[in-house]
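**Q**
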Amino acid sequence: MPVLVMKFGGTSVATLDRIRRAAKRVGVEVAKGYDVIVIVSAMSGETNKLVGYVEETSPLFDAREYDAVVSSGENVTAGLMALTLQEMDVPARSWQGWQVPLQTTSSHSAARIVDIPTDNINRKFGEGMKVAVVAGFQGISAEGRITTLGRGGSDTTAVAFAAAFEAERCDIYTDVDGVYTTDPRICEKARKLDKIAFEEMLELASLGAKVLQTRSVELAMRYNVKLRVLSSFEEQSDEAGTLVCDEEEIMELNVVSGVAHSRDEAKMTLVSVADRPGIAAAIFTPLSEAGINVDMIVQNISDEGRTDMTFSCPTNQVARAEKTLQDCKEAGSINFAELKADTEVCKISVVGIGMRSQPGVAAKMFKVLSDEGINIKVITTSEIKISVLIDRKYMELAVQALHDAFELEKAA
Ligand code: ASP
Ligand code: MG
Numbered sequence: 331m332p333v334l335v336m337k338f339g340g341t342s343v344a345t346l347d348r349i350r351r352a353a354k355r356v357g358v359e360v361a362k363g364y365d366v367i368v369i370v371s372a373m374s375g376e377t378n379k380l381v382g383y384v385e386e387t388s389p390l391f392d393a394r395e396y397d398a399v400v401s402s403g404e405n406v407t408a409g410l411m412a413l414t415l416q417e418m419d420v421p422a423r424s425w426q427g428w429q430v431p432l433q434t435t436s437s438h439s440a441a442r443i444v445d446i447p448t449d450n451i452n453r454k455f456g457e458g459m460k461v462a463v464v465a466g467f468q469g470i471s472a473e474g475r476i477t478t479l480g481r482g483g484s485d486t487t488a489v490a491f492a493a494a495f496e497a498e499r500c501d502i503y504t505d506v507d508g509v510y511t512t513d514p515r516i517c518e519k520a521r522k523l524d525k526i527a528f529e530e531m532l533e534l535a536s537l538g539a540k541v542l543q544t545r546s547v548e549l550a551m552r553y554n555v556k557l558r559v560l561s562s563f564e565e566q567s568d569e570a571g572t573l574v575c576d577e578e579e580i581m582e583l584n585v586v587s588g589v590a591h592s593r594d595e596a597k598m599t600l601v602s603v604a605d606r607p608g609i610a611a612a613i614f615t616p617l618s619e620a621g622i623n624v625d626m627i628v629q630n631i632s633d634e635g636r637t638d639m640t641f642s643c644p645t646n647q648v649a650r651a652e653k654t655l656q657d658c659k660e661a662g663s664i665n666f667a668e669l670k671a672d673t674e675v676c677k678i679s680v681v682g683i684g685m686r687s688q689p690g691v692a693a694k695m696f697k698v699l700s701d702e703g704i705n706i707k708v709i710t711t712s713e714i715k716i717s718v719l720i721d722r723k724y725m726e727l728a729v730q731a732l733h734d735a736f737e738l739e740k741a742a
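Residue numbering for the sequence shown follows this note's numbering, starting at 331 and increasing by one per position.
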């Protein structure tokens, strides 16, 4: 039997009624002849509540017990989903991570999947089970302890099962009906994409389009898992949602597929640091050890052996970054005249695979921003992405102007 993986996120299983609606969709796929693996998240809000319990009980908690507590939300929905399917006369049973067993590394709260043996579940399919309802987000370490995969990890569970079972597709049911050209709350002309390439989705996911956990997209790309993002709140059809797939399956690649934004960025500048071998390492190694997520980095041209170094990081990490760099200055490992922080910036990015073969996208982006009187503070590029830092007050304007200029409201 062909296998289909269906993943239901927290809002899609938030109440018993919604679990029933989700189970009906599963029933439709079973009737088409699939063996179905359903991956469930915890009911929405549940994981946050459990994390809160842990932090209140033990601020410097033992990560193994954190995982024991926080993984439990998924156990509840897995059991309820299996019961709901049984009530509909669909042969189903629940599986917790350790029962599969989904084997992971021992990095608690951020574990990575090592292996998903298929024999236990396949044997049950062979005995007439039609649906395996698997608790997402959790696994078991070599030491036999329960682990979790990091927030949003059920997406990764789903894709990993699709790869292990060579599923025909992995459908991710969520509360939005697909991936959009930009955030519809900012730009009313935002359009749902029918298809998007893995690489583009990876850029958009890591830029904060919170539809899919970034790791799940990496995994889908590596194993060429066809991923579909669709809403569990709308009527189902075979064309619904957005297909995230290999670029070869997309006829006409978009030059630009989407405009992404990231609101809470800060720009930090070390004024006049010595321009010598090892200076970048002396700055960025302690920052990374302090857990600062440095994104863009620009080193200015040097003058008389001194240079300015600018980087961006999330606004809420500025204080920690400042402390780290001042400590380095005191310790003598780096020397700078001044440390400036601009916390009123945002990042805007245009993403598209077609950029690889079409020059002029960056020039057009800069022209659009200049026509709106928006000053660009930092620029970085990759093969399929151009990002700029600008003043946060222009964020909406920039997104809308770029969306218009690249005509993203029109289907390619
Ligand atoms: N319930 C977990 C979380 O909220 C995992 C998931 O839903 O993907 O992060
Ligand atoms: Mg999620």
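Quick reminder that beta carbons are idealized off the backbone N, C-alpha and C, glycines included.
List, from N- to C-terminal side, the alpha helix (DSSP H) runs of 4 residues or more that fit wholly inside the region 635–702.
**A** DSSP runs (the alpha helix (DSSP H)) wholly in the region 635–702: 648–661, 691–701.
**Q** Could you check if glutamate 529 is buried or exposed, using at least 16 other CB atoms within 10 Å of its CB as the buried criterion?
**A** Here residue 529 corresponds to residue number 199 of the sequence shown, with the count starting at 1. Its Cβ being crowded by 16 or more others within 10 Å, glutamate 529 is buried.
**Q** Taking DSSP's pairing of strands, which residues face leucine 719 in a bridge?
**A** Translated into positions along the sequence shown, residue 719 becomes position 389. Bridge partners of leucine 719: Lys677, Val708.
**Q** Count the other CB atoms within 10 Å of the CB of glutamine 656; is the residue buried (16 or more) or exposed (fewer)?
**A** Start at 1 with the first residue of the sequence shown, and residue 656 comes out as number 326. Exposed, because fewer than 16 other Cβ atoms sit within 10 Å of the Cβ of glutamine 656.
**Q** Does DSSP classify lysine 354 as helix, strand or coil?
**A** Along the sequence shown, one-based indexing puts residue 354 at 24. Lysine 354: helix per DSSP, three-state reduction.
**Q** The alpha helix (DSSP H) spanning methionine 725 covers which residue range?
**A** Here residue 725 is taken as the residue at index 395 of the sequence shown, counted from 1. Here the alpha helix (DSSP H) through methionine 725 covers 725–735.
**Q** Excluding the 5 residues flanking valine 333 on each side, which residues of the same chain have their C-beta closer than 6 Å to its C-beta?
**A** The residue given as residue 333 occupies position 3 in the sequence shown. Closer than 6 Å at Cβ, skipping near neighbours: Asp365, Phe495, Ala497.
**Q** Do you know how far the Cα of leucine 415 is from the Cα of aspartate 721?
**A** Counted from its first residue, the sequence shown places residue 721 at position 391. Counted from its first residue, the sequence shown places residue 415 at position 85. Rounded to whole angstroms, aspartate 721 to leucine 415 spans 51 Å at the Cα level.
**Q** Rounded to the nearest angstrom, what separates alanine 412 and valine 343 at their Cα positions?
**A** If you number the sequence shown from 1, residue 412 lands on position 82. If you number the sequence shown from 1, residue 343 lands on position 13. Cα to Cα, alanine 412 sits roughly 12 Å from valine 343.
**Q** Please report the straight-line C-alpha distance between isoleucine 367 and methionine 331, rounded to a whole angstrom.
**A** The count along the sequence shown starts at 1 and reaches residue 367 at position 37. The count along the sequence shown starts at 1 and reaches residue 331 at position 1. Cα to Cα, isoleucine 367 sits roughly 12 Å from methionine 331.
**Q** Tell me the residue span of the beta strand (DSSP E) that contains threonine 768.
**A** There is no way to answer for residue 768, as the model of the chain reaches only from 331 to 742.
**Q** Roughly how many angstroms separate the alpha carbons of leucine 523 and glycine 571, rounded to a whole number?
**A** The count along the sequence shown starts at 1 and reaches residue 523 at position 193. The count along the sequence shown starts at 1 and reaches residue 571 at position 241. Whole-angstrom Cα-Cα distance: 8 Å.
**Q** Please list the terminal residues of the continuous beta strand (DSSP E) segment that includes tyrosine 503.
**A** The residue you call residue 503 lines up with position 173 of the sequence shown. Tyrosine 503 -> beta strand (DSSP E) spans 499–504.
**Q** CB of aspartate 505 to nearest heavy atom of ligand 2: below 7 Å?
**A** Mapped onto the sequence shown, residue 505 falls at position 175. Flag unset: Cβ of aspartate 505 not near ligand 2.
**Q** Any chance you could list the beta strand (DSSP E) runs of at least 3 consecutive residues sitting entirely within the region 357–435, in chain order?
**A** Runs of the beta strand (DSSP E) inside the region 357–435: 365–370, 422–425.
**Q** Is any heavy atom in ligand 2 found nearer than 7 Å to the beta carbon of glycine 621?
**A** In the sequence shown, residue 621 corresponds to position 291, counting from 1. Glycine 621 Cβ: outside cutoff for every heavy atom of ligand 2.
**Q** Cβ of threonine 377 versus every heavy atom of ligand 1: is any distance shorter than 7 Å?
**A** Within the sequence shown, numbered from 1, the residue matching residue 377 stands at position 47. Yes, the beta carbon of threonine 377 sits closer than 7 Å to at least one heavy atom of ligand 1.
**Q** From aspartate 625 to serine 642, what distance separates their C-alpha atoms?
**A** Counted from its first residue, the sequence shown places residue 625 at position 295. Counted from its first residue, the sequence shown places residue 642 at position 312. Roughly 5 Å between the two C-alpha positions.
**Q** Can you name the residues that DSSP bridges to aspartate 633?
**A** Reading the sequence shown from its first residue, position 303 is the one you call residue 633. DSSP lists Arg636 as partners of aspartate 633.
**Q** With distances taken Cα to Cα, identify the nearest neighbour of glutamate 569 among Val559, Asp576, Phe563.
**A** Numbered from its first residue, the sequence shown carries residue 569 at position 239. It is Val559.
**Q** Near aspartate 501, what residues of its chain come up, given a Cβ to Cβ distance below 6 Å and the 5 sequence neighbours on each side ignored?
**A** If you number the sequence shown from 1, residue 501 lands on position 171. The residues are Met336, Arg558.
**Q** Smallest Cα separation from tyrosine 503: which of Val370, Ser717, Leu732?
**A** To locate residue 503, count along the sequence shown from 1; it is residue 173. Cα-wise, what sits closest to tyrosine 503 is Val370.
**Q** Any idea which residues DSSP pairs methionine 459 with across the strands?
**A** Numbered from its first residue, the sequence shown carries residue 459 at position 129. Paired residue(s): none; methionine 459 is not in a bridge.
**Q** Quick check on valine 509: does DSSP put it in helix, strand or coil?
**A** Taking the sequence shown and counting its residues from 1, the one referred to as residue 509 is at position 179. Of the three classes helix, strand and coil, the one that applies to valine 509 here is coil, per DSSP.
**Q** Take the Cβ of arginine 545 as the centre, count every other Cβ of all protein chains shown within 10 Å, and call the residue buried at 16 or more, exposed below.
**A** For this step, residue 545 is matched to residue 215 along the sequence shown. That one is buried.
**Q** Valine 430 and isoleucine 443 - do their beta-carbons sit closer together than 8 Å?
**A** To locate residue 443, count along the sequence shown from 1; it is residue 113. To locate residue 430, count along the sequence shown from 1; it is residue 100. No, the Cβ-Cβ distance between isoleucine 443 and valine 430 is not below 8 Å.
**Q** Between the alpha carbons of glutamate 386 and asparagine 646, how many angstroms are there, rounded?
**A** Reading the sequence shown from its first residue, position 56 is the one you call residue 386. Reading the sequence shown from its first residue, position 316 is the one you call residue 646. Approximately 22 Å, taken between the alpha carbons.
**Q** Which first and last residues belong to the beta strand (DSSP E) in which valine 489 is found?
**A** As a position in the sequence shown, residue 489 is number 159, starting the count at 1. Premise fails: valine 489 lies in the alpha helix (DSSP H), 484–494, not in any beta strand (DSSP E).
**Q** With 16 as the cutoff for other CB atoms within 10 Å, does aspartate 283 come out buried or exposed?
**A** This structure cannot settle anything about residue 283, because the visible part of the chain is limited to 331 through 742.
**Q** Figure out for me which residue from Tyr510, Arg348, Ile526 has the closest Cα to the Cα of glutamate 739.
**A** Locating residue 739 in the sequence shown gives position 409, where the first residue counts as 1. Of the candidates Tyr510, Arg348, Ile526, the one whose C-alpha sits nearest the C-alpha of glutamate 739 is Tyr510.
**Q** Given the structure, does glycine 508 come close to ligand 2, in the sense that its CB is under 7 Å from one of the ligand's heavy atoms?
**A** On the sequence shown, residue 508 is found 178 positions in, with the first residue counted as 1. The answer is no for glycine 508.
**Q** Tell me, to the nearest whole angstrom, how far the beta carbon of methionine 695 is from that of isoleucine 714; I am working on the premise that it is less than 8 Å.
**A** Stepping through the sequence shown from its first residue, residue 695 is reached at position 365. Stepping through the sequence shown from its first residue, residue 714 is reached at position 384. Actually they are not in contact, since the Cβ atoms of methionine 695 and isoleucine 714 sit about 13 Å apart, beyond 8 Å.
**Q** In the structure shown, what three-state DSSP assignment does serine 342 receive?
**A** Here residue 342 is taken as the residue at index 12 of the sequence shown, counted from 1. Reduced to three states, the DSSP call for serine 342 is helix.
**Q** Does any heavy atom of ligand 2 sit closer than 7 Å to the C-beta of aspartate 501?
**A** Within the sequence shown, residue 501 is the residue found at index 171, counting from 1. Flag unset: Cβ of aspartate 501 not near ligand 2.
**Q** CB-CB under 7 Å to arginine 650, same chain, minus the five flanking residues each way: which ones, in chain order?
**A** For the purposes of this step, residue 650 is taken as the residue at position 320 of the sequence shown. Within the same chain, arginine 650 has close Cβ partners Ala620, Ile622.
**Q** On the criterion of 16 or more Cβ atoms from any shown chain inside 10 Å, does valine 358 qualify as buried, or is it exposed?
**A** Start at 1 with the first residue of the sequence shown, and residue 358 comes out as number 28. The residue in question, valine 358, is exposed, as its Cβ has fewer than 16 Cβ neighbours within 10 Å.
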